[in-house]
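K.L.:
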Amino acid sequence: MDIKTLHPAIAAAYRVLETGEPISLEEAELLASLPGEFSLDLASLANKVRNRWGKGGIHACSIMNAKSGVCGENCRFCAQSRHNHADIEVYPLVDEDAVLFEARSCAEHGVSHFGLVTSGYGYRTMNAEFKRILAMIDRLHEELPELNVCASIGILGPETAAALARHGIAHYNINLQVAPEKYAGLIADTHGIEERMETVRLLRREGVNVCCGGIIGVGESMEDRVAMLFALRDLDVSVIPINVLVPIEGTPLQAAESVPLADIVKVFALARLVHPHSIIKFAAGRETLMKDFQGLLMLSGADGYLTGGYLTTRGRDLADDQRFSERLASFS
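Note that full-length UniProt numbering has the sequence shown beginning at 1, numbered continuously upward.
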């Protein structure tokens, strides 16, 4: 490609392809400001960077809603918050056999990572429920040794972070959601963003890889999205899930306007250019909102996706995603 035909800001960003070094904050802000007509050029570069500097292949993971609803936090997008009024199934922590059944199904469909997710604030200290979760993790390791066991169980303290490390957790998911300075206004104010960031730091000190990303469409600006990507870089996370808001009836964001597709493409591409060596994972909103364009976003720098259900909303069939992944390989 003759990069002289590209927008100068995109042409300058091609150095990431050659060096593997991320773009600067100033470069990212300039690229984020480009009109939509340049989004495909940016996506093309991001896909090349993914192919050269990414982990290789497709990172597929699935999650299980192991404890649903009645959460005391007031996250504005979430159906599980008791502050909201979404019509969802509510149940306590499931038993080990139910977890094993779900995990085995994922493994049989070629999913490499399986995550246990619970509603609620989290586990700053050990309690009986947290010990049950540790027992589930141990059972999965014993019964399905080839499966990477992950967890997303909220805010942790030093004791619980260390315990998860000892029990061999592959990745821990806790998202920033938005730029840190916008968290209280756009996401929740019953807890602080610093508690989430400290959980990431505790896990990283214990050697646990962290899956930490955000959500597009909660009222944030493009500048906010860039700020989030750089906050993630400072936290040294290895997997970055990007969710596109699925408005849920009964939540404050039920009538949120859709984000233009070109802007979503730019976010995925910028995530790759800011994090050349990380896994960029397309999570919620893939098949429900993006529909015919989900393949485009997987070719805009992403190299992973969340498959199956998304806690309280439907997901995509595991077998369909297995075929989808095989077809994507022809672009690598």
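Note that CB positions come from ideal geometry on N, CA and C, so glycine has one too.
(1) Would you kindly report the start and end of the unbroken alpha helix (DSSP H) that includes S112?
(2) Nearest to F130 by alpha carbon, out of C106, E143, L116?
(3) Which one of Q80, V111, N243, K67 has the shortest CA to CA distance from A98?
(4) Tell me, please, whether the segment 203–216 touches the segment 234–246 by the rule of three or more beta-carbon pairs shorter than 8 Å.
(5) What is the DSSP secondary structure of F77, reduced to helix, strand or coil?
(6) Kindly indicate which three-state DSSP category N47 falls into: helix, strand or coil?
(7) Taking the C-alpha atoms as reference points, what is the distance between residue 355 and S81?
(8) Hey, could you find the ends of the alpha helix (DSSP H) I153 is sitting in?
(9) Counting pairs of beta carbons, one from the segment 171–185 and one from the segment 223–235, are three or more of them closer than 8 Å?
(10) Using a 10 Å radius around the Cβ and a threshold of 16 neighbouring Cβ atoms, would you call M1 buried or exposed?
(11) Could you compute how far the alpha carbon of S278 sits from the alpha carbon of G304?
(12) Whole alpha helix (DSSP H) runs in the segment 181–212 with 4 or more residues, listed along the chain?
(13) For L245, is the beta carbon positioned less than 8 Å from some heavy atom of the ligand ADP?
(14) Return yes when the Cβ of G57 is within less than 9 Å of the Cβ of S119, no when it is not.
(15) One question on the structure: do A269 and A103 come within less than 9 Å of each other, judged by their Cβ atoms?
(16) Please report how far the alpha carbon of K182 lies from the alpha carbon of S152, in whole angstroms.
(17) Just list the residues that DSSP pairs H59 with in beta bridges.
(18) Are the CB atoms of R15 and V218 nearer to each other than 9 Å?
(19) DSSP state of V267, grouped into three classes?
(20) Starting from the C-beta of L261, find all residues in its chain whose C-beta is less than 7 Å away, skip the five residues before and the five after it, and write them out in chain order.
(21) For G250, collect the residues of the same chain with a Cβ closer than 8 Å to its Cβ; drop the 5 residues on either side in sequence, then sort them by chain order.
(22) Could you work out which residue in G36, D138, K55, H171 is closest to S62 when comparing CA atoms only?
(23) Between the alpha carbons of G110 and G295, how many angstroms are there, rounded?
P.N.:
On the basis of the data shown:
(1) It is not in any alpha helix (DSSP H) - S112 carries neither H nor E in the DSSP assignment.
(2) L116
(3) K67
(4) yes
(5) coil
(6) helix
(7) What the structure shows of the chain is the stretch from 1 to 332, and residue 355 is not part of that stretch, so it cannot be assessed.
(8) Run containing I153: none; DSSP gives neither H nor E here.
(9) yes
(10) Confidence at M1 is low in this model, with a pLDDT of 48, below 50, so its placement is unreliable and the value that follows should be read with caution. Answer is exposed; the Cβ neighbour count stays below 16.
(11) 10 Å
(12) 183–186, 193–205
(13) Judged by which ligands are present, the structure shown has none, so any question about the ligand ADP falls away.
(14) no
(15) no
(16) 22 Å
(17) G304
(18) no
(19) helix
(20) F293
(21) A79, N84, H85, A86, D87
(22) H171
(23) 19 Å
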